[in-house]
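A short write-up of the structure that comes next.
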Amino acid sequence: MSSSKNASPAKKQTTLNFGGSSTAPEQPTLSSFLSGGKDQKKDKKGDKENDQMEVDKPELKEDLETVAAEDKKRKRPNIIVDSSDDDETDDEAEDLSHNMEHSKISSQTIVEKSTPTPTPAPAKKLKREEVKSEDVEVKDEPHNIASEEDEDEEIQQAKEEEEADERQKKEDKAVAKKLASVFTKSTKLEPETSWKKGEAIPYSALCKTFELCEGTTKRTEITTYMVKLFKQVIELTPDGLLELLYLCINKLCPDYEGLELGIGETLLMKAVANSTGRSMDKIKSDYRDTGDLGLVAKNSRGAQRTLFAAKKLTVPFVFKTLRTIAKISGQSSQAQKIANISKLLVACQDSEAKYLIRQLEGKLRIGLAEQTILSALAQAVVLTNKGMHYGGSKLSEAQREQAFTKAVEIVKAVYNQLPCYDMIIPALLKYPIEDLADHCKMTPGIPLKPMLAHPTKALTEILDRFENRRFTCEFKYDGERAQIHRLEDGKTTVYSRNSENMSGRYPDVMEKVAQWVAPETTSFILDCEAVAWDREKKCILPFQVLSTRKRKDVKEEDIKVQVCIFAFDCLFLNGESLLQKPLSERREKLRAAFVETEGQFAFARHMDSNVIDDIQSFLDTSIQGNCEGLMVKTFDGEEASYEPSRRSRNWLKVKKDYLTGIGDSLDLVVIGAFHGRGKRTGVYGAFLLACYDQDKQEFQSICKIGTGFSEEALQTHHDFLQEHVIGRPRRDYLVGPNAEKPDVWFSPVQVWEVLAADLSISPAYMAAVGEIDKAKGISLRFPRFIRIRDDKKPEEATSSEQVADFYRRQSGNTSGGGLEQVGGTGVDDDFEY
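Just so we're aligned, residue 284 is where the sequence shown starts under our numbering, counting upward by one.
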């Protein structure tokens, strides 16, 4: 279905022909960097904009400025810059070691087809006076005071992601500089731990590195600790690198395989009690006091004395056992899990029990992000003997720094297209790093993270952003983002935006895919939206209808909610990656390779025009058709490529709510509840919500919420959350001392989408504390529940940085002064809980 609105005679409208495909410039090679070559690929405009951002960590700037002086002062080949910090860390580690009472016990050893569309015209920049001030008409919705301001938080999220990406780049450069400086003096780095070549990697080596990472807040130091560990593994036990890396990111396999641990606290307590001989009452008491079950396990092991020494744990044994535990199901599964965990615990020494329990919980809490792991892995490969053929000690410090930086870029780029360590690690160990992309290519069956769009608050921003560029507008469908993969043998899989295998939720889609494929199409990866569809009225239904469909094990005969797939991009076709092709070419190939089927499969409706009134009319049409708004995308040229795992300004999304005010939609985690009163007696009447601080890895309280719930919803929430009650707030919960404490605390297991009128500074809540006010946090005013976000994990909730940035941009609060404070609960007063 292709749409193009005819302009009135009074308007000037331009339509264009399809442009040819653009060819990406030749990629630079690592060798050219090391030889002083200057064939570096020009950054895209978005990256240039990012590069102008400032780093908000003073210590990172200090690292960059003092690294050379510090290394010269120490006169030793140590990667860490701040020697005083190192000494403190080492002293603390030694004290822990001497104070720990080691357990020595014996144990038994047990994972739309259509004609070609005219190419859009370059955007003509219009004066502000030429644009209507009222961009869209929005009907009043008295039941929700914040509904006209929905989801502006996504704008803040986009900015926060840009800033996070830029910080990561700065930190990568800082580590590269330090490594280059160290390497100038000596090619031999001092490892934190060691073992004999060819031996299995000791689990203690990994835990020792975890302790060092937990002892610092500096990302550069965390990265260098990991560089040293990875380098040691590559040189001594390369066969163990894959298992070690999975333990570092606290996973057991690629995301799409769906094998997870997340063992409940009660079961873990039983395992600790079982392996140490301590009573459950004492374990629970210690947990209430510390809030860290890992620390309880460590102390419990340290207090126990036995006659015989157990065989030391190794990384492959721990990894294999964790996979075994994750696969256990059926009758007596809990007993089997406890037995396997206990066998690991009895062999733990020093801090091993602490990190083992945390891994079983699914939360390491040491500040180790996956992007840091990728950076460290790439830099470690360059430092190994395998990497020395790139030039070794003959290179200058600047050339080595470029080598480290380029290596990180290569590894991250490959991972974005092929997020599968099972394929990347063997290739890294076998081939030169600059050849990695030749051996690790995009593959159907392995989902990649989708490209995301920047929100925009005004139609004029579209003309500003795409000035002198060709762009196209598409309907933004209100459904679930899906990635459909088909291999040459016909095997088909549907994945979510988070790489979760959703084939079990869409058996009807799996059954009908073959009917949509043209005869010459053999393999593909489709980027699309699964939308609830009314086959009688032939119209789109709201997302809330789609959300009623079960997420797993759906039987086709039981399906009540029908879906229609709206395809808007093709990333891979017949053995060829299309990521570097412009959208104009990708769309053409998409429409040639598939056939529309009414009510089942359609191409995203689009319009190619650079006239503001046409865009406005197309936006109105999308809203009337139960869509969220528009996606506006660069159509031709290098910037029209597909960028996996990135929120790009080459895609903008326009939703009616963005055009009508400040807006606010946040994804928050439920961490507590208050018992209901009056009409809500017998269920929870209000809830305590939190955002997530990614750097500190903690949940920070942001509001108390009691509106937006039907009686049925309250009962559903009560029944679900009752299964996740904990005795006290976790150590990673930050709740203000002046806040009203909830009657019940929960483990962080569910994310809710919440609307609010605005944000205020509050002494009672701790969201983004220190960002705007030194001692006060930020709270939501008049929060209202919208829906459960099953597609998000607690750690993917709105971050504290997003909250702070949103506050700064709200009502011009950019200077930090004139802050409005609120001392109440942050709850609308029109309900009784």
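Built from N, CA and C at the ideal position, the CB exists for glycine as well.
Which residues in the same chain have their Cβ closer than 7 Å to the Cβ of residue i, if we skip the five residues on either side of it in sequence?
| i | result |
| --- | --- |
| residue 536 | 542 |
| residue 690 | 313, 661, 662, 664, 665 and 716 |
| residue 554 | 621, 624, 625 and 628 |
| residue 1059 | 1044, 1045, 1046 and 1052 |
| residue 798 | 880 |
| residue 772 | none |
For residue i, tell me which candidate among the options has the shortest Cα-Cα distance.
| i | options | result |
| --- | --- | --- |
| residue 1118 | 1047, 1065, 1018 and 1051 | No answer is possible for residue 1118: the residues shown for the chain start at 284 and end at 1116. |
| residue 976 | 950, 992, 1008 and 563 | 950 |
| residue 958 | 928, 1025 and 896 | 1025 |
| residue 460 | 507, 636, 791 and 809 | 507 |
| residue 1043 | 1062, 1032, 1056 and 774 | 1062 |
| residue 558 | 547, 831 and 631 | 631 |
| residue 1012 | 576, 448 and 502 | 576 |
| residue 730 | 1059, 481 and 780 | 780 |
| residue 892 | 970, 746 and 793 | 746 |
| residue 837 | 811, 798 and 791 | 791 |
| residue 894 | 1077, 521 and 754 | 754 |
| residue 659 | 514, 952 and 595 | 514 |
| residue 935 | 551, 739, 1028 and 997 | 739 |
| residue 448 | 785, 778, 653 and 1027 | 653 |
| residue 656 | 682, 694 and 925 | 694 |
| residue 848 | 823, 860 and 865 | 823 |
| residue 540 | 552, 609 and 564 | 609 |
| residue 884 | 846, 775 and 762 | 846 |
| residue 904 | 918, 917, 919 and 888 | 888 |
| residue 978 | 619, 1083 and 817 | 1083 |
| residue 1069 | 774, 876 and 1034 | 1034 |
| residue 712 | 921, 516, 579 and 565 | 516 |
| residue 932 | 615, 562, 777 and 736 | 736 |
| residue 972 | 965, 1010, 996 and 1038 | 1038 |
| residue 457 | 503, 509 and 1009 | 503 |
| residue 863 | 1021, 920 and 684 | 920 |
| residue 445 | 538, 998 and 930 | 930 |
| residue 954 | 480, 709, 567 and 1017 | 1017 |
| residue 704 | 523, 890, 1027 and 583 | 523 |
If residue i and residue j are in contact, beta carbons under 8 Å, what's the gap, nearest whole angstrom?
| i | j | result |
| --- | --- | --- |
| residue 974 | residue 983 | 6 Å |
| residue 815 | residue 844 | 5 Å |
| residue 796 | residue 767 | 7 Å |
| residue 937 | residue 961 | Wrong, their Cβ atoms sit about 43 Å apart, outside the cutoff. |
| residue 915 | residue 756 | 5 Å |
| residue 839 | residue 667 | About 52 Å; that fails the 8 Å criterion. |
| residue 1036 | residue 1067 | Between residue 1067 and residue 1036 the Cβ distance is about 10 Å, and since that is not below 8 Å, they are no contact. |
| residue 991 | residue 968 | Incorrect: roughly 13 Å between the Cβ atoms, too far for contact. |
| residue 550 | residue 619 | With 8 Å as the limit, residue 550 and residue 619 do not qualify as a contact, their Cβ atoms being about 11 Å apart. |
| residue 638 | residue 758 | With a Cβ gap of about 48 Å, residue 638 and residue 758 do not count as contacting. |
| residue 867 | residue 923 | 7 Å |
| residue 599 | residue 526 | 5 Å |
| residue 910 | residue 761 | 6 Å |
Whose C-beta lies closer than 6 Å to the C-beta of residue i among residues of the same chain, with five residues either side of it excluded?
| i | result |
| --- | --- |
| residue 1032 | 1007 |
| residue 832 | 844 |
| residue 1054 | 1087 |
| residue 1048 | 984, 985, 1019, 1060 and 1062 |
Identify, in the order they occur along the chain, each residue of the same chain with its Cβ nearer than 8 Å to the Cβ of residue i, setting aside the five sequence neighbours on each side.
| i | result |
| --- | --- |
| residue 497 | 648, 649 and 650 |
| residue 701 | 707, 723, 724, 725, 726, 729 and 731 |
| residue 733 | 764, 766, 780, 810, 927 and 928 |
| residue 882 | 816, 818, 821, 845 and 847 |
Next on the checklist: So within the region 482-529, which uninterrupted beta strand (DSSP E) runs reach at least 3 residues, ignoring any that extend past its ends?
Outcome noted: Given a length threshold of 3 residues, the region 482-529 has no whole run of the beta strand (DSSP E) inside it.
Checklist entry - In chain order, which continuous runs of the beta strand (DSSP E) of length 3 or greater are located wholly inside the region 809-861? => result Listed in chain order, they are 846-856.
Checklist entry - Going along the chain, which unbroken runs of the alpha helix (DSSP H) with 4 or more residues stay wholly within the region 975-1021? => result Runs of the alpha helix (DSSP H) inside the region 975-1021: 994-1004.
Checklist entry - Is the region 524-535 close to the region 480-496, with three or more CB pairs under 8 Å? => result In this structure the region 524-535 lies against the region 480-496, because at least three pairs of beta carbons, one per stretch, are closer than 8 Å.
Next on the checklist: For the pair the region 718-728 and the region 899-911, tell me if three or more CB-CB distances fall below 8 Å.
Outcome noted: As far as the Cβ criterion goes, the region 718-728 does not touch the region 899-911, which means the pair count is below three.
Checklist entry - Given 8 Å as the limit, is there contact between the region 854-868 and the region 800-809, that is, 3 or more CB pairs closer than that? => result The region 854-868 is in contact with the region 800-809.
Checklist entry - Where are the beta strand (DSSP E) runs, 3 residues long or more, that stay fully inside the region 901-939, in chain order? => result As far as the region 901-939 is concerned, its whole beta strand (DSSP E) runs of at least 3 residues are 912-917 and 930-938.
Checklist entry - Counting only runs that start and end within the region 633-704, where is the alpha helix (DSSP H) found for 4 or more residues in a row? => result For the region 633-704, whole alpha helix (DSSP H) runs of length 4 or above, ordered along the chain, are 635-644, 653-666 and 680-700.
Next on the checklist: Report the start-end ranges of each alpha helix (DSSP H) in the region 717-794 that is 4 residues or longer and not cut off at the edges.
Outcome noted: Whole alpha helix (DSSP H) segments, 4+ residues: 719-722 and 742-748.
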